[in-house]
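Undergrad: Sequence lines, in order, name chains A and B.
Just so you know, we're using the working numbering here: the first sequence kicks off at 241 and counts up by one.
Just so you know, we're using the working numbering here: the second sequence kicks off at 9 and counts up by one.
Can you read through this structure? Questions will come right after.
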Amino acid sequence: MFSRKKEMKLLQESEEKYRKMIEKAYDAIFTVDASTAKILEANPKAEEITGYAVEELVGMNVWDVHPPEEEGAVKELFDRVSETGVGECNELHFLKKDGSQVVVDISASVVAYDDKKVIQRICRDVTSRRELEKKNEFQRRYYEQIFDLVPIGLGVKKDVDTDPKVDFENKMLRDMFYGDLEDTFHIRWHQSPALMAVPTKSYLEETGAYAEERSYPDGRIFLFTLNYFMNEEGSWCEVAIAQDITSRKRLQEKLIKANEELEDKVEERTKELRQKQAQLIQAEKMAALGNLVAGVAHEINTPLGAMISNNDVTIRSMEKLHGIIDKPEVASMIHEHEEIQKLLECIDEMSVVTRTAGRRLSKIVNSLRRFARLDEAELDTVNVHEGLDSTLTLVHHELKNRVEVHKEYGDIPKVTCYPNQLNQVYMNILVNASQAIEDKGDVFIRTYQRDGSIVIEFRDSGRGIPKENLKRIFDPGFTTKGTGVGTGLGLSIVYQIIEDHKGQIEVESEVGKGSTFRIILPIARER
Amino acid sequence: MDNGKDQPTIIIVDDEEMVLQSLNSILGLETSYNVVSHTSPREALQYIESNDVDLVISDYLMPEMDGISFLAKVRELKPQIPRIILTGYADKENAIKAINEVGLFQYIEKPWDNDDLLIIIRNGLEKQKLLKDLQEKINEINGAYSDLQKIQNEILKTFV
Ligand SMILES: Nc1ncnc2c1ncn2[C@@H]1O[C@H](COP(=O)(O)OP(=O)(O)OP(=O)(O)O)[C@@H](O)[C@H]1O
Ligand SMILES: [Mg+2]
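Quick look at the structure:
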């Protein structure tokens with residue numbers, strides 16, 4: 241008995257507690273008849289959000305506190321809860337007694353109550369929260385619109401150290417990566433090919449940002465600047481700034497190329513200038529030499545003329561003398577004086593030697609003259625072999641006893657050329673050959689015809705030219721001879737002259753074996 | 009050369025004594041021409057003006073007067089004398105030009121060959137002699153013609 245009473249009391253107490261809880265609840269709570277959908281009870285909060293008094297609410301249908309257009313949704317929720325026992329629906333509205341509306345989230349469940357089945361609906365007024373959310377949304381959109389106008393890609397990733405998620409991308413970034421690219425490229429900025437490892441804290445403290453250029457398979461190049469910060473939720477965020485620098489890069493490449501080309505051109509021009517300068521120097525030298533030689537030739541020819549003539553007179557006199565002493569009466573007398581006979585013989589021999597010497601001298605003077613002649617700086621059709629011979633006469637002193645010259649002159653036509661210039665060519669090549677021969681050696685000079693050209697070939701048994709030098713020997717100023725020995729102009733002048741003659745020059749060389757210089761001149765020269 | 013009365017007279021001019029001596033020797037040895045040598049072109053001109061001369065040889069480069077001008081003056085004085093120039097190789101081109109301009113007979117290059125020299129001189133003299141003979145013939149004919157004319161005149165006179 242007692243226990244029954246006590247039990248009743250306990251029940252009463254818990255009922256009281258429950259009622260108080262409901263009365264003080266923050267949410268509106270309705271108790272609804274599960275079969276009729278009529279409101280049985282409502283707490284004070286329900287009065288507050290609906291604007292109706294409890295007395296008015298009791299007996300209303302649940303959908304009566306909602307605007308008519310939500311009746312269907314409310315009924316649907318009611319049916320679902322009756323069937324399954326629970327259900328919820330957000331973003332519904334209460335139509336208040338004064339006609340205004342509030343936004344409510346509703347959750348409902350079936351409970352047993354005084355042996356009756358009732359539905360308890362808990363409705364939360366979320367109007368102010370929704371408004372805040374909307375405001376936040378507006379604000380976000382406002383900034384997004386601003387960022388969309390920025391002409392660089394801007395993106396934010398959250399949780400980069402755990403599970404990276406894109407939080408924000410502006411229009412530029414979206415256009416850059418999703419624009420006209422095919423999906424198959426799968427290019428998204430957060431799938432960057434060179435996805436960098438999450439920076440360490442110390443790295444960030446030191447540098448704060450990270451920049452790199454990334455090339456994409458479609459050929460575009462982006463400059464990425466990545467900044468990191470920890471947001472208020474304690475998540476590492478990455479702010480990526482991406483600039484499409486493809487055209488800038490291309491421009492830069494073009495600029496570099498143009499620059500290089502310019503440098504090449506300058507170098508080429510410099511080389512040309514140096515060549516021209518070398519030629520001028522040589523031309524000046526030749527002019528000076530020509531004048532000198534002309535003067536010297538004249539100075540030498542006068543005494544030489546006298547000497548040769550006098551020697552000739554001696555020979556003629558001796559002939560006459562022999563005519564006299566061969567007469568029998570004189571001959572017998574001479575016979576007795578052996579001395580006279582000997583002296584006469586001596587004079588005869590010496591005058592023959594003097595005649596040879598005189599001829600040689602006049603040949604040298606002629607060669608010199610021909611080699612350096614100024615008045616022959618005109619086109620002429622000449623025999624190459626004569627030019628070679630007169631040049632050989634001049635370098636004779638350089639070669640004799642040391643270098644043997646083998647001439648293999650072929651049957652070649654005359655060439656139209658600047659003869660003294662070609663002589664300079666032979667001279668420079670022959671002097672080089674002689675200088676390349678250390679002790680004793682040979683030089684082969686061969687001339688022949690080849691494919692409508694004539695070839696003048698100089699082969700020496702000198703030290704040869706190393707491969708790395710071969711390309712440079714025609715550069716003005718290139719010399720391997722010490723200062724004072726070589727100016728390095730010789731072959732550059734050769735090259736220029738041969739070019740002026742529309743010819744070509746070939747070189748072959750092997751270190752230790754020797755070198756071959758081949759001059760190829762066209763036979764028909766158009767003027 | 010005492011018996012050189014009917015031998016031709018040759019004038020040689022060169023500022024170099026040594027050349028004059030050489031030419032003298034060869035001509036002395038091989039010919040019996042009268043050879044008169046001068047180191048000064050001016051003196052040579054004076055000599056030519058007042059003497060009978062058959063041929064002139066001159067050097068080209070001389071300090072006093074160059075060979076071409078000298079020979080041009082010789083031509084003014086006595087155009088019929090053959091003129092030969094002796095050149096060093098250096099001035100060959102000029103000498104050849106001068107041959108045409110000043111009307112030279114020949115040029116000889118230094119160093120010269122004595123045989124060539126002798127032939128050139130002999131040819132020059134021959135030409136000179138032919139010209140001289142021709143002139144004499146012309147003079148003779150002219151003389152004969154004027155004699156004829158005289159006779160004609162006299163005949164005319166006698167008749168008139
Ligand atoms: N026949 C050769 N054998 C070996 N090396 C050669 C030969 N000809 C030329 N050379 C190389 O080519 C370089 C250039 O030659 P070049 O004639 O232009 O100048 P150089 O001889 O040094 O000086 P210069 O000609 O003014 O006296 C030489 O220094 C040499 O090293
Ligand atoms: Mg050289």
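Beta carbons: idealized from backbone N, C-alpha and C, even for Gly.
(1) Comparing alpha-carbon positions, which option in A:M416, A:E638, A:E478, A:K640 lies nearest G194 (chain A)?
(2) Around ligand 2, which residues pass a check of Cβ closer than 5 angstroms to any of its heavy atoms?
(3) Is H575 (chain A) close to chain B, meaning its C-beta is less than 8 angstroms from at least one C-beta of that chain?
(4) Does any residue of chain A have a CB that is nearer than 8 angstroms to the CB of E109 (chain B)?
(5) In chain B, which residues lie with their C-beta within 8 angstroms of the C-beta of V553 (chain A)?
(6) Rounded C-beta distance between N551 (chain A) and G598 (chain A)? I'm assuming under 8 angstroms.
(7) Quick one: does the C-beta of F718 (chain A) sit closer than 7 angstroms to a heavy atom of ligand 1?
(8) Where do the N-terminal and C-terminal ends of the alpha helix (DSSP H) with S572 (chain A) fall, by residue?
(9) Within 8 angstroms of any Cβ in chain A, is that where the Cβ of V27 (chain B) sits?
(10) Once DSSP output is grouped into helix, strand and coil, what is the label at E750 (chain A)?
(11) In terms of DSSP beta bridges, what is K405 (chain A) paired with?
(12) Which of the three DSSP states, helix, strand or coil, is assigned to R454 (chain A)?
(13) What residues match up with R490 (chain A) in a beta bridge as DSSP calls it?
(14) Which chain A residues are close to L174 (chain B), counting only those with a beta carbon under 7 angstroms from its beta carbon?
(15) In whole angstroms, what is the alpha-carbon distance linking H636 (chain A) and I565 (chain A)?
(16) Quick one: residues in its chain with C-beta nearer than 7 angstroms to the C-beta of A673 (chain A), no 5 flanking neighbours on either side, listed in chain order?
(17) Can you name, in chain order, every residue of its own chain whose Cβ lies under 7 angstroms from the Cβ of P716 (chain A), other than the five neighbours on each side?
(18) Does the beta-carbon of R609 (chain A) have 16 or more other beta-carbons within 10 angstroms, so that it is buried, or is it exposed?
(19) Note down, in chain order, every chain A residue with its Cβ under 9 angstroms from the Cβ of P49 (chain B).
(20) Might you give, ordered along the chain, the residues of its own chain that have their beta carbon closer than 8 angstroms to the beta carbon of V390 (chain A), omitting 5 neighbours on each side?
(21) Could you check if R91 (chain B) is buried or exposed, using at least 16 other CB atoms within 10 Å of its CB as the buried criterion?
(22) If you check the beta carbons only, do E638 (chain A) and V605 (chain A) fall under 8 angstroms apart?
(23) Within 8 angstroms of any Cβ in chain A, is that where the Cβ of E72 (chain B) sits?
(24) Taking only beta carbons into account, state which residues of the segment 73–87 of chain B come closer than 8 angstroms to chain A, listed in chain order.
(25) Which residue or residues does DSSP assign as beta-bridge partners of N301 (chain A)?
(26) What residues from chain A crowd round K105 (chain B), counting only those whose CB sits closer than 9 angstroms?
(27) From this set, A:K680, A:T631, A:V751, which residue's C-alpha is nearest V643 (chain A)'s C-alpha?
(28) Under a three-way DSSP split, which group does H333 (chain A) fall into?
(29) Report the option in A:Q492, A:V645, A:E739 whose CA atom is closest to the CA atom of L662 (chain A).
(30) Looking at C-alpha atoms only, which residue of B:F78, B:R50, B:Q54, B:L125 is the closest neighbour of A106 (chain B)?
(31) Report the rounded CA-to-CA distance for S40 (chain B) versus S154 (chain B), giving the unit in angstroms.
(32) Say whether chain B places a C-beta atom closer than 8 angstroms to the C-beta of N550 (chain A).
(33) With a cut-off of 8 angstroms, do at least 3 Cβ pairs link the segment 324–337 of chain A to the segment 347–366 of chain A?
(34) Pick helix, strand or coil for I18 (chain B), following the three-state DSSP scheme.
(35) To which residues does DSSP link L463 (chain A) through a beta bridge?
(36) Spatial neighbours of H306 (chain A) within its chain, please: C-beta separation below 7 angstroms, excluding the five flanking residues on both sides.
TA: This is what the structure gives:
(1) Because chain A spans 241 through 767 in this model, residue 194 (chain A) falls outside it and cannot be assessed.
(2) Residues close to ligand 2 by the beta carbon criterion (under 5 angstroms to any non-hydrogen atom) are, from first to last along the chain, A:N672, A:G730.
(3) Position 335 of the first sequence, counted from the start, is the residue given in the question as residue 575 (chain A). Not closer than 8 angstroms to any Cβ of chain B, the Cβ of H575 (chain A) fails to qualify, so no.
(4) Here residue 109 (chain B) refers to the residue found at position 101 of the second sequence. No, its Cβ sits nowhere closer than 8 angstroms to a Cβ of chain A.
(5) Reading the first sequence from its first residue, position 313 is the one you call residue 553 (chain A). Neighbours of V553 (chain A) in chain B, taken as residues at a C-beta separation under 8 angstroms, are given in chain order as S30, S33, I34, L37, N122.
(6) Sequence index remark: in the first sequence, residue 551 (chain A) carries index 311 (1-based). Sequence index remark: in the first sequence, residue 598 (chain A) carries index 358 (1-based). Confirmed, Cβ separation roughly 6 angstroms.
(7) By one-based count along the first sequence, residue 718 (chain A) stands at place 478. Yes, the beta carbon of F718 (chain A) sits closer than 7 angstroms to at least one heavy atom of ligand 1.
(8) Translated into positions along the first sequence, residue 572 (chain A) becomes position 332. Per DSSP, S572 (chain A) belongs to the alpha helix (DSSP H) from 568–576.
(9) Numbered from its first residue, the second sequence carries residue 27 (chain B) at position 19. A Cβ of chain A is located within less than 8 angstroms of the beta carbon of V27 (chain B).
(10) Counting from 1 along the first sequence, the entry for residue 750 (chain A) is found at position 510. Correct three-state label for E750 (chain A): strand.
(11) Your numbering for residue 405 (chain A) matches position 165 in the first sequence. DSSP lists A:K398 as partners of K405 (chain A).
(12) Along the first sequence, one-based indexing puts residue 454 (chain A) at 214. Three-state result, R454 (chain A): strand.
(13) Within the first sequence, numbered from 1, the residue matching residue 490 (chain A) stands at position 250. According to DSSP, R490 (chain A) bridges with nothing at all.
(14) With chain B covering 9 to 168 only, the question about residue 174 (chain B) has no answer from this structure.
(15) Position 396 of the first sequence, counted from the start, is the residue given in the question as residue 636 (chain A). Position 325 of the first sequence, counted from the start, is the residue given in the question as residue 565 (chain A). Rounded to the nearest angstrom, the two C-alpha atoms are 43 angstroms apart.
(16) For the purposes of this step, residue 673 (chain A) is identified with residue 433 of the first sequence, where counting begins at 1. Around A673 (chain A), the same chain offers V683, F698, D700, G702 as residues with beta carbons nearer than 7 angstroms, after the five sequence neighbours per side are excluded.
(17) Start at 1 with the first residue of the first sequence, and residue 716 (chain A) comes out as number 476. R514, Q515, A518, G728, L729, S732, listed in sequence order.
(18) Position 369 of the first sequence, counted from the first residue, corresponds to residue 609 (chain A). With 16 or more other Cβ atoms within 10 Å, it is buried.
(19) Here residue 49 (chain B) is taken as the residue at index 41 of the second sequence, counted from 1. Counting only Cβ-Cβ distances below 9 angstroms, P49 (chain B) has no contacts in chain A at all, with the closest Cβ about 16 angstroms away.
(20) Locating residue 390 (chain A) in the first sequence gives position 150, where the first residue counts as 1. Excluding sequence positions up to five before and after V390 (chain A), its CB lies within less than 8 angstroms of the CB of N410, M412, all in the same chain and listed in chain order.
(21) Here residue 91 (chain B) refers to the residue found at position 83 when the second sequence is read from its first residue. By the neighbour-count rule (16 or more Cβ atoms within 10 Å), R91 (chain B) is buried.
(22) Along the first sequence, read from residue 1 onward, the residue named residue 638 (chain A) stands at position 398. Along the first sequence, read from residue 1 onward, the residue named residue 605 (chain A) stands at position 365. The answer is no: Cβ separation not under 8 angstroms.
(23) For the purposes of this step, residue 72 (chain B) is identified with residue 64 of the second sequence, where counting begins at 1. Nearest CB-CB separation between E72 (chain B) and chain A: not below the 8 angstroms threshold.
(24) So nothing in the stretch comes that close.
(25) Within the first sequence, the letter at position 61 stands for residue 301 (chain A). DSSP output for N301 (chain A) lists A:K278 as bridge partner(s).
(26) As a first step, residue 105 (chain B) must be located in the second sequence, where it is residue number 97. None at all; the shortest Cβ gap to chain A is about 12 angstroms.
(27) For the purposes of this step, residue 643 (chain A) is taken as the residue at position 403 of the first sequence. Minimum Cα distance to V643 (chain A) is reached at A:K680.
(28) Taking the first residue of the first sequence as 1, we reach residue 333 (chain A) at position 93. Three-state result, H333 (chain A): strand.
(29) Taking the first residue of the first sequence as position 1, residue 662 (chain A) is located at position 422. For L662 (chain A), the nearest C-alpha among the options comes from A:E739.
(30) As a position in the second sequence, residue 106 (chain B) is number 98, starting the count at 1. If we check each option's Cα against that of A106 (chain B), B:F78 comes out closest.
(31) Along the second sequence, one-based indexing puts residue 40 (chain B) at 32. Along the second sequence, one-based indexing puts residue 154 (chain B) at 146. Here the alpha carbon of S40 (chain B) sits roughly 39 angstroms from the alpha carbon of S154 (chain B).
(32) One-based indexing of the first sequence puts residue 550 (chain A) at position 310. It does: the Cβ of N550 (chain A) has a partner Cβ on chain B nearer than 8 angstroms.
(33) Because the criterion of three Cβ pairs below 8 angstroms is met, the segment 324–337 of chain A and the segment 347–366 of chain A touch.
(34) Here residue 18 (chain B) refers to the residue found at position 10 when the second sequence is read from its first residue. Looking at I18 (chain B) - three-state DSSP - the assignment turns out to be strand.
(35) By one-based count along the first sequence, residue 463 (chain A) stands at place 223. Partner(s): A:E453, A:Q483.
(36) Position 66 of the first sequence, counting from 1, holds the residue named residue 306 (chain A). The residues are V314, L332, H333, F334, L335.
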